[in-house]
Amino acid sequence: MDIAMQKERILIVEDETNIAASLKNILSDEGYEVDSTGDGLDALEKIQSDPPDLLILDIWLPGMDGIEVLKSVKTFHPEIEVLIISGHGTIDTAVQATKLGAFDFIEKPFSLEHITQSVKAALHQKKQATVAGDLFGNTSLPLGFDAMVEIRERAKQLSEQSAPVLVLGEPGTGKEFIAQIIHQQSQENRLPFIKLNCKIRKSENIESILFGSSNENVTADKTLDTTVNSENKVVFLSNIDALSAGIQKRLASADTTTIAARIYAASSKNLEELANEGSFNKTLLERFKESSVCVPPLRDYAMNIPSMVKEFLAAYAQKMGVHVPKIDEKVYSTLCNYDWPGNVKELRSILDKIIIASTSRETIVLRDLPPEIRQSTRVWDAKIFKDSNEQSSNEPEWEKQFIIHQLRNNGWDSEKTRKSLKAGKKKFAEKLREHGIRLPVPSQKQPTGQLLQRTLKRSMVLCGSGLHSGIKTGLILQPLPPNSGIIFGDISSGQTIPAHLQNVQSTDYSTCLRKGRFSVATIEHIMASLHMYRISNLLIKIGDEAPVMDGSAKDFCSLIEDGEFEEQDALNEEIVIDKTYSFGSKENGGPFISIEPADGFIVSYHMDYPEPIGIQDYSFVFSGHDNFKKEIAPARTFGFMEDVAQLTKMGFASGGKLDNFILLGDKKVLNTELRYPDEFVRHKILDIIGDFYLLGKPIRGHIHAYKSGHTQNVGLLKTFVESQKQASLQAS
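Residue numbers (our numbering): 638 to 1369.
Here's what the structure looks like:
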């Protein structure tokens, strides 16, 4: 008889709802059980709770991009086959996905025949691995398993028995892993391990798989193979407490050997209490009494966390072939003191996120941890602050955070804060200098909400084409902890480039960054948007070039607003221009740019171009991201016909289209209506705003530009930085 198998299950991870819906309908008609989600992190949650047989995965996803999801799946669920789909991929991305274990890389738009053939081929390969007994040969042990001596010994004992096994423990403790470990060591280890999540699965579906459809009272799913041979399967019932009362009763009274070669079950609930309340079948619980195992919560063996983290990082580095940062001792201390309500699952999830955000660093430090972990363990927690207003009563190591906390409580009024701390003016000023706490100069022209660093509340995705490469590309914005800065990451290799002036490679036709082998071009529009929205910390996963969209920064503004920015527990210090700096010369009509002291941020640009542009002047006075979005962001890239032809010969402007580029020729605009009469000068200001954010901080000063391009913009920044270095050396 055939092995009793449930319908093969597919999870589609695709944020374009029309594509996800089409795939779901097509594959459901082919006889598969299909679920979908549009978020990478949500996909991992679904996989963790009820792993599918096959994953169809887009690359450009919010939450966690497709390459990172693939890495995680192949690390912790290597038995799942993965098909990568993308309309904005490159050869490098396809090669990387294949190296990481993807079965196939399918480029959009794809044909119905191609996708169905790839699905069948991937599932066939999975079946072959199952028959060969390799399905769980590489299953990763849960973090810290080696440290749980009693659990290892208990698992060994249970593997030598044949009775049903019940694994108990809090959510995230690794109950399924423990069940699989027992299964791997047992005599039934070559049989398929069929996982049924009782909280998610329909009762009819579970009953049909367990008992078959021979009982006329059971409404079976007709797409399931219910020609049951109990000797050919092992069943794992997760969240058994959610099993319907009818199935519990039937399972309690049945001879389990007629259902499966062995039954495993798991629950995060107190089943004895549920049984006493009448919510769980007492007879069924009794059947597990002599063969149960309780997995302890992570906090009970928290002293092992440092070794667990090192174990995880070593495995990650070996599998991915990448360098992973070291861990600061304060990070280990904080992790050990955290309560870990999500247990090992939460620890693993946090380590994944930290590695993704910190690949360019040598050391992972305290600020790289999520706020909920730092705030729950650090000694300067707000609960402690409420109990003390005396500055002298607090330890030196958290004094700075205490002062910042008090400043925030007092609306950043330094005099009010000083009085609440009962500190003298001289002493308070010394403390501010000692801890590097700088308060922006008060100004009516400068909005007051820019005192703290910002990131986004959630990940966001945007797809388009590169202006100069013409290649389909995209970007993913991911939040970062305070003091991380703006970092560009390669979607394929995982390499990163901080958006710093020293990483500028070229400024010929756009601003291009390079570090090692990874480079990214045309960053000025996204950087301008981040500058004006005061986003301080963000990871931008990207291909070789930022998508040009409609040639402006309008879509980037919408993307940031959709992601919602949030303030962080760190100051966002402005660069206050103290004197005039300049680059270039106006003699003979050459390009020139300068910056001088001002109360706020102002950019004034003078253009003198051939017709139809002519002479244009515009001054942008920043008063908040709204006036940037209205006055500057919609201004598009432009070029003259003869220049575009030359760029094309040189391999640039391949992505310039009639809807993302203002084309000029014969003294007129050839392809579009202008959004402003002076759209050209506004776009030059947009480029300046983007280039100036390579300093990494908002600026207080007035920029004057004449015919300035990326080369002059970056030249002025280098002049300013070098002058600051010289001044610092003289002061020391």
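We treat Cβ as the ideally placed atom computed from N, Cα and C, and that holds for glycine.
Burial state of residue i, where buried means 16 or more other Cβ atoms lie within 10 Å
i, result
"Lys1304", "exposed"
"Ala734", "buried"
"His1339", "buried"
"Lys1362", "exposed"
"Lys832", "buried"
"Lys711", "buried"
"Lys1216", "exposed"
"Arg985", "buried"
"Gln1115", "buried"
"Leu749", "exposed"
"Gln1139", "exposed"
"Ala1270", "buried"
"Glu1359", "exposed"
"Gln1367", "exposed"
"Ser709", "buried"
"Arg1070", "exposed"
"Ile587", "Residue 587 cannot be examined here, being either before or after the span of the chain that is shown, 638 to 1369."
"Tyr938", "exposed"
"Ser823", "buried"
Distance CB(residue i)-CB(residue j) smaller than 9 Å
i, j, result
"Ala902", "Leu803", "yes"
"Ile1299", "Gly1276", "yes"
"Val1240", "Phe1220", "no"
"Asp878", "Lys919", "no"
"Tyr1330", "Ala1066", "no"
"Gly738", "Leu707", "yes"
"Leu692", "Glu718", "yes"
"Pro801", "Arg887", "no"
"Ser1260", "Asn1209", "no"
"Ile1197", "Tyr1170", "yes"
"Val1002", "Val946", "no"
"Ile846", "Cys835", "no"
"Asp679", "Ile1113", "no"
"Val981", "Ala792", "no"
First through last residue of the alpha helix (DSSP H) which encompasses residue i
i, result
"Tyr969", "966-974"
"Leu1366", "1347-1368"
"Phe848", "840-848"
"Val1318", "1316-1329"
"Phe1065", "1062-1071"
"Phe814", "812-822"
"Leu660", "654-666"
"Arg1055", "1051-1057"
"Phe1265", "1262-1268"
"Leu795", "786-796"
"Glu923", "919-924"
Own chain residues within Cβ distance below 7 Å of residue i, not counting five before or after
i, result
"Asp1024", "Residue confidence for Asp1024 is low, a pLDDT of 45 falling below 50, so the modelled location carries little weight and cannot support an answer."
"Thr1014", "Annotation note: pLDDT 48 at Thr1014 (below 50); position unreliable, no value reported."
"Lys661", "Ile649, Val671, Ser673"
"Arg924", "Pro801, Ala889"
Boundaries of the beta strand (DSSP E) in which residue i is found, first to last residue
i, result
"Gln1205", "1202-1208"
"Arg1151", "1149-1152"
"Leu833", "830-834"
"Phe742", "741-744"
"Ser929", "929-931"
"His1243", "1238-1245"
"Asp1254", "1252-1258"
"Phe1125", "1123-1127"
"Tyr1343", "1336-1343"
"Gln1142", "1141-1143"
"Phe1275", "1275-1277"
"Gly1302", "1299-1302"
"Val650", "646-650"
Own chain residues within Cβ distance below 6 Å of residue i, not counting five before or after
i, result
"Lys1082", "Low confidence applies here, because Lys1082 scores a pLDDT of 40, under 50, leaving its location unreliable and the question unanswered by this model."
"Asp1324", "Glu1161"
"Ile942", "Leu972, Cys973"
"Asp741", "Leu720, Ser755"
Cutoff 8 Å; reference residue i; Cβ partners in own chain excluding five residues on either side
i, result
"Ser1222", "Phe1229"
"Ile704", "Ile696, Thr730, Gln733, Ala734, Leu737, Ile1128, Ser1129, Gly1131"
"Phe1202", "Arg1091, Thr1092, Leu1093, Lys1094, Tyr1170, Arg1171, Ile1172"
"Glu1268", "Phe1257, Arg1319"
Near the ligand NAP: residue i beta-carbon under 8 Å from a heavy atom
i, result
"Phe873", "The ligand content of the structure shown is nil, which means the ligand NAP is not present either."
Quick one: complete beta strand (DSSP E) runs, 3+ long, within the segment 862-910? 871-875, 899-904
Can you check the segment 672-711 for any beta strand (DSSP E) of at least 3 residues that lies completely inside it and give the ranges in chain order? 691-695
List in chain order: all unbroken beta strand (DSSP E) runs of 3+ residues lying wholly within the segment 1154-1236. 1155-1157, 1175-1179, 1202-1208, 1218-1221, 1229-1233
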